[in-house]
Each structure stands twice: as C-alpha cells, then as structure tokens.
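Q: A single structure is presented below for examination.
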Amino acid sequence: MQGKKKIPFAKVFNDDRTVEPAFRPLPQFMGLRKINSIGWAKANKVIHLSAIAYNLKKHLKFTKYL
Numbered sequence: 023m024q025g026k027k028k029i030p031f032a033k034v035f036n037d038d039r040t041v042e043p044a045f046r047p048l049p050q051f052m053g054l055r056k057i058n059s060i061g062w063a064k065a066n067k068v069i070h071l072s073a074i075a076y077n078l079k080k081h082l083k084f085t086k087y088l
C-alpha cells in the first residue's frame, strides 16, 4: 500500500473515496439510479430523502429483533 499523499489533489481524491461508500447503498438498494430534478437544492432534497428512507429501513430491520 502506498504512503500518504502529500499533494492537495491526492488528499481530496482520498477523501472522496472515504465518503463515497456512504452513498453506495442508495443506488443499490433504494433504486436511486438517476436524479430527475433540476438544480442543486432539489437534487439535495432527493439525496436527503433517500438517505432518510435508507436509515429508517435499516432502523426497522434491526429494531425488529429487540
């Protein structure tokens, strides 16, 4: 494995790799393949609602066994 990157671009690239797995379940399990809204604000709402739905689904799955 390579050592830590010193240049700013590589640091941003590595940060992107750590954030992206958090959004991976949305297209896989929630059907969010394409955002059909125009504008950052509306796209942000779609992402937030999908993330909330995923978290609720996960919460219901794990509280069933308590």
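So the sequence shown is residues 23 to 88, counted in my numbering.
Ideal Cβ placement from N, Cα and C applies to all residues, glycine included.
From a predicted model like this one, the values you see are computed outputs, not experimental measurements.
1. Among 73, 64 and 86, which has the Cα closest to the Cα of residue 51?
2. Could you give the first and the last residue of the continuous alpha helix (DSSP H) run that contains residue 90?
3. If you run the structure through DSSP and keep just helix, strand and coil, what is residue 54?
4. Which residues in the same chain have their Cβ closer than 6 Å to the Cβ of residue 48, if we skip the five residues on either side of it in sequence?
A: The structure says:
1. When 73, 64 and 86 are compared, the shortest CA-CA separation from residue 51 is found for 73.
2. This structure gives no information on residue 90, because the portion of the chain shown stretches from 23 to 88.
3. Reduced to three states, the DSSP call for residue 54 is coil.
4. 54 and 72
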